[in-house]
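Worksheet for the structure shown next.
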């Protein structure tokens, strides 16, 4: 997906991290395809609508009249009526991956893969706080560099 300017096309997804004794945390993020920057991200204990909606709401607050296309997989959060309403209220266009085709969301999957390789697979996190520190420790510039 080629972009000529910021906030033209966004991609979004949620990924899972394990820590401690079989505990899980989830990272929801929105990435701008213009320069690979992460527009918004939220870490949480649950992969639920609230996680995705918070991420989306934070991203929309940064818009200055732009109405980007937002692309996601077909996760339950992205197919919900509430998410569709939020997109419509922001004047945005929704795009979704084909069923069973994670490659359609490759830019987001690639970003998550890079973060996991550099901040997750080489470490054992005992607590949620340790995991948050590692993930949130990345500045926006570091996120942009990893996304490139």
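Residue numbers (our numbering): 577 to 724. Glycine included, C-beta positions come from ideal geometry on N, C-alpha and C.
Point to revise | Chain-order list of residues whose beta-carbon lies under 6 Å from that of residue 600 (same chain, five-residue window excluded) | key: 592 and 594
Check your understanding: Which residue comes first and which comes last in the alpha helix (DSSP H) that contains residue 637?
Key -> 625-637
Review point. From 582, 699, 664 and 700, pick the residue whose C-alpha is nearest to that of residue 639; which is it?
Key: 582
Review point. On the three-state DSSP scale, how would you describe residue 697?
Key: coil
Review point. Can you tell which of 655, 607, 613 and 646 has its C-alpha closest to the C-alpha of residue 625?
Key: 655
Check your understanding: Among 686, 669, 652 and 674, which has the Cα closest to the Cα of residue 636?
Key -> 669
Exercise for review: Buried or exposed for residue 712, please, with buried defined as at least 16 other CB atoms from any protein chain shown within 10 angstroms of its CB.
Suggested key: exposed
Review point. According to the neighbour-count rule (16 or more other Cβ atoms, all chains shown, within 10 Å of its Cβ), is residue 647 buried or exposed?
Key: buried
Check your understanding: Who are the near neighbours of residue 630 in its chain, counting only those whose CB is closer than 7 Å to its CB and skipping five residues on each side?
Key -> 618
Point to revise | Start and end residues, alpha helix (DSSP H) containing residue 709 | key: 704-712
**Study point:** Element boundaries [beta strand (DSSP E), containing residue 594]
**Key:** 585-595
Review point. Where does residue 607 sit, in a helix, a strand or coil, going by DSSP?
Key: strand
Exercise for review: Find the nearest neighbour of residue 623 within the set 613, 604 and 615, judged by alpha-carbon distance.
Suggested key: 604
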